[in-house]
Amino acid sequence: MRIAHNLVIDFFRKNSRMPKFDNTGEFSIFSVLSDSSLNAEKAIIKEQVENDVRRLVDELPEDQRDVLLMRIYNDMSFKEISERTGVSINTALGRMRYALINLRKIIEKHNIVLTD
73 MRIAHNLVID
83 FFRKNSRMPK
93 FDNTGEFSIF
103 SVLSDSSLNA
113 EKAIIKEQVE
123 NDVRRLVDEL
133 PEDQRDVLLM
143 RIYNDMSFKE
153 ISERTGVSIN
163 TALGRMRYAL
173 INLRKIIEKH
183 NIVLTD
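Dropping the structure here:
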């Protein structure tokens, strides 16, 4: 595995940019590494998952949605959330817990599969 890793590093040091994908029928790890269509597909899937998650979060009650957004997207502590919303830390924790439970219920109800 280490040999393969070093070969990849050596290859990209020699070539300042990634090579084009050539479909000659022979397998080459360097062809797979440079296939930009795989990256485009991943970007599309990521965008779809993010849109689905936004729609799911929008279905939550406002108090749960606010706590979830502050915790996940703003990376706030529960102490900061409780100070911002004017509720106790335990209330903020409870709202987060119920937000996650409700998200699971919404996902099951709509048969949504979130993959990345």
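Heads up, the sequence shown is in our numbering, so the first residue is 73 and it goes up one at a time. No residue lacks a Cβ here, since even glycine has one placed at the ideal position from N, Cα and C.
From residue i to residue j, what does the alpha carbon distance come to, in whole angstroms?
i	j	result
Glu122	Ile153	23 Å
Ile179	Lys114	22 Å
Pro91	Ile116	A caution first: Pro91 carries a pLDDT of 48, below 50, which makes its placement in the model too unreliable to give a value.
Phe150	Arg156	10 Å
Asn183	Asn146	28 Å
Arg167	Glu119	27 Å
Leu165	Arg127	22 Å
Val185	Thr163	30 Å
Lys181	Glu134	20 Å
Mark residue i as exposed unless 16 or more other C-beta atoms lie within 10 angstroms of its C-beta, in which case mark it buried.
i	result
Leu172	exposed
Ala112	exposed
Gln136	buried
Arg143	buried
Measuring alpha carbon to alpha carbon, tell me which of the options ends up nearest residue i.
i	options	result
Val139	His182, Val185, Ser160	Ser160
Arg176	Gly166, Leu165, Thr163, Val129	Val129
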